[in-house]
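Scroll down for the structure; my scribbles are underneath it.
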Amino acid sequence: MGALLALTSALVYGVVDFSGGLLSRRAPFRAVTFLGQAGGLLLAAVAAWVMSATSAAPADLAWGALSGVGSGLAMLFLNRGLSRGAMSVVVPVSAVTSVALSVLCGVLLLGDRPGPVAWAGIAAAVPALWLVAGGAATPGSGVRDGLLASAGVAVQYLALGQAGPDSGLWPVAAGRAAAVLLLLPGAVRRPPRLRPGPALASLLVGAGAALGLILYLLAAQRQLLAVAVVLASLYPAVPVVLGLAVLRERAAPRQAVGLLGAVVATVLLSLG
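The numbering of the sequence shown is my numbering, which starts it at 16 and goes up by one.
Written out as structure tokens, the structure is:
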């Protein structure tokens, strides 16, 4: 069940990544990021209220808030990179580096002990993510944005995974609130100026991202953190598939190999 939830989280995040990438090229990335976090806060707060929690300890909310700081920074740098047209650089750098950081921290600091099959899946996932996203990182601002985004993603996943199961979805809501507060000064200095259509789209993209985090949190409560992180981080495969199906793009040979590797990694991680 944990593996299925993590994969569903990856699917949701992939759709969000695809939609947000297109949106960030038509609208100011700061406005898209801030309104996205606001939309995520609305959905997370409603979901947390509906799904009553046994107890939401201050420590659980603090972990959730730290996760929100990570995701707010991650989306800011990711959208900045995407707005500059560096998707082929930002996506693979952020995805692969965040997986590596999360797995290392889970094993070295949190006591995760994946089995041999799971380790094989992790080893297959890293190059698969790189290939599926294009695998073409050239020096420049895209690499910097990708690395900064990856650090935020790692903090997002690792911190949220520390919240206790009795806290329900309140850690996700606390994280969205922290992300909004983090981005608020920039929004005040540069008030979002979006037409109603892009503004509504930004809110919906943010709500989708919050849904992806909710699914990840439920997965992390049922699965080794390192495995849940890697499965949820397979989301870059989704924009590639959507690009092929919706935008009629053509897959490069390396992307086809990467998609195959992602399938192999998914099977191994699910079995492990």
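Each residue gets a CB set at the ideal place from its N, CA and C atoms; glycine is no exception.
Query: Proximity test, Gly96 beta-carbon vs the ligand MG heavy atom, cut-off 6 angstroms; Result: No copy of the ligand MG appears in this structure; indeed no ligand is present at all.
Query: Straight-line gap, Leu1 to Leu219 (C-alpha atoms, nearest Å); Result: Residue 1 is absent from the model: the chain starts at 16 and stops at 287.
Query: Supposed close pair Val245, Gly136 - CB separation, criterion 8 angstroms; Result: 7 angstroms
Query: Supposed close pair Val195, Ala89 - CB separation, criterion 8 angstroms; Result: Not quite, the Cβ-Cβ distance comes to about 14 angstroms (not below 8 angstroms), so this is no contact.
Query: Stretch pair the stretch 18 to 37 + the stretch 181 to 190: three plus CB contacts closer than 8 angstroms; Result: no
Query: Sub-7 angstroms separation of Gln177 and Trp64 beta-carbons; Result: no
Query: Nonlocal neighbours in the same chain, by C-beta distance under 7 angstroms from Tyr250, ignoring five residues either side; Result: Ala25, Tyr28, Gly29 and Asp32
Query: Simplified DSSP assignment, three categories, for Arg95; Result: helix
Query: Span of the alpha helix (DSSP H) around Leu19; Result: Gly17 to Ser39
Query: Member of Leu58, Thr23 and Gly35 whose CA lies at the smallest distance from the CA of Arg191; Result: Leu58
Query: Limits of the alpha helix (DSSP H) - the one that Ser290 falls within; Result: Past the edges of the chain, shown from 16 to 287, lies residue 290, and the structure says nothing about it.
Query: Sub-7 angstroms separation of Ser117 and Tyr172 beta-carbons; Result: yes
Query: Straight-line gap, Pro43 to Arg208 (C-alpha atoms, nearest Å); Result: 8 angstroms
Query: Boundaries (first-last residue) of the alpha helix (DSSP H) holding Gly201; Result: Trp185 to Arg204
Query: Residue environment, Arg41, which counts as buried when at least 16 other CB atoms sit within 10 Å; Result: exposed
Query: Extent of the continuous alpha helix (DSSP H) run through Pro129; Result: Premise fails: Pro129 is in no alpha helix (DSSP H) and is neither H nor E.
Query: Validate contact between the stretch 196 to 215 and the stretch 119 to 138 using beta carbons, cut 8 angstroms, 3 pairs; Result: no
Query: Helix, strand or coil at Val261 according to DSSP, with G and I counted as helix; Result: coil
Query: Local Cβ density within 10 Å of Arg210, reported as buried at 16 or more and exposed below that; Result: exposed
Query: For Arg237, the three-state DSSP class (helix, strand or coil); Result: coil
Query: Distance between Ala72 and Arg159 (C-alpha atoms, nearest Å); Result: 36 angstroms
Query: Gly276 versus Ala74: straight-line alpha-carbon distance, rounded; Result: 38 angstroms
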